[in-house]
Amino acid sequence: MQVTGTVLTTRRVDAYHALTVVAPGIAERFRPGHFVSVAVGGSRSSMLTRRSFSVHDVRPDYGGTVELVFTVRGPGTEWLAERRARDTLDLVGPLGRPFPVPRDPVSVLLVGFEYGSAVLFPLADTLLARSCRVDFVLGGGSADRVFGAMRARRMAETTTLSTRDGSLGLRGEVTDVLASVITDTRADVVYACGPMEVMRAVTSVAIKFDIPVQVVAEEAMACGIGICMTCVLPVIGDDGVTRMVRACVDGPVFRGERVRFEDVGTIPFDAQGAPGGGARHVS
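Pasting the structure below:
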């Protein structure tokens, strides 16, 4: 649904911006893993495409609020970072397919990199309500880019932190510690969100342990509703056939082992309907 939401609060969370927006209809329908698309630039802007954001938090206040966490990457997010309380935003959501959750209590490992971790916290709330064991592995380039460490420590049985520069937790990538954490926690399933190269590495580790892994595909989404085709990626279906699917409507959550990470950005030659040779997308 499309709503005009009022900005309730704005805050800085280390290197990131967080906006809480009053959006009752979206909050009511939200499930962990859903995202929203936001119009940016105002009514006279030349920025026609929306920006898509995962939802970090949903609360019942004021009929229902959603919190978005993001970093400034261009003019659209720069404009959004300048919003203040009582400004209004045009939002569409909730969009996409949410996380599948276990029916029975299991041990779950949540892996997040930088602000991609935001999407994992409403999932953790749902899993804890189902009596699942929850553990976190969170990482980032530096200490100020690791999102949600304090909240994770309050929620989880264990929280393992890593940074590429060694300024917080262990030095290295989240995947450097992943195998040992899976072993120590006896994880039954992994959920992960972050850049595609991180999701590829997380999936590789989960496959070695023969446990299922659900990943959020961070592909660019111009429309968020399956029209523009900017977010397509190759995914293997239940029948073993590779298809170019849209992350916004067929995802953004996918089974990690089904995503052909090595072919993201191309059309594999064996994908259904592909032209010969696997033509590369036009950038």
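Residue numbers (the numbering used here): 14 to 296. Beta carbons: idealized from backbone N, C-alpha and C, even for Gly.
Please name the residue, chosen from Ile224, Arg184 and Ala260, that lies closest to Asp201 on a Cα-to-Cα basis.
Ile224
What whole-angstrom Cβ distance do Phe160 and Val49 have, given they're in contact under 8 Å?
Not confirmed; about 18 Å, so no contact.
N- and C-terminal bounds of the beta strand (DSSP E) containing Ala98:
Ala98 -> no beta strand (DSSP E), and no H or E assigned at all.
Quick check on this structure: which residue in Asp263, Gly77 and Ala137 has the alpha carbon closest to the alpha carbon of Ile238?
Asp263
In its own chain, which residues sit with a C-beta less than 7 Å from the C-beta of Pro45, not counting the 5 before and 5 after it?
Pro111, Phe112, Pro135, Leu136 and Thr139
Of all the options Ser217, Pro247 and Val121, which has the alpha carbon lying nearest to the alpha carbon of Val277?
Pro247
DSSP state of Phe66, grouped into three classes?
strand
CA nearest to the CA of Val41, picked from Gly76, Leu32, Ser56 and Phe66:
For the record, residue 41 in the displayed sequence is Glu; it is not Val. When only C-alpha atoms are compared, the closest one is Gly76.
Could you give the uninterrupted runs of the beta strand (DSSP E) lying entirely in the segment 98 to 167, keeping only those of 3 residues or more?
101 to 108, 120 to 126 and 146 to 153
Of all the options Val114, Val121, Val82 and Val124, which has the alpha carbon lying nearest to the alpha carbon of Arg64?
Val82
In the DSSP assignment, the alpha helix (DSSP H) including Cys236 goes from what residue to what residue?
First-last for Cys236: undefined, no H or E at that position.
CB contact flag (Ile39, Val79, <8 Å)
yes
Assuming Ala205 and Val226 form a contact by the criterion Cβ under 8 Å, report the distance between their Cβ atoms to the nearest whole angstrom.
7 Å
Cα-Cα separation, Gly54 to Val34:
17 Å
Taking 8 Å as the cut-off, decide whether the C-beta atoms of Arg93 and Val51 are in contact.
Note on residue identity: the sequence assigns Leu, not Arg, to residue 93. For Leu93 and Val51, yes; Cβs fall inside 8 Å.
Quick check: what's the CA-CA separation for Arg184 versus Arg57?
46 Å
Write down the C-beta distance between Gly152 and Glu186 rounded to the nearest angstrom, noting that I regard them as a contact closer than 8 Å.
7 Å
Buried or exposed for Val147, please, with buried defined as at least 16 other CB atoms from any protein chain shown within 10 angstroms of its CB.
buried
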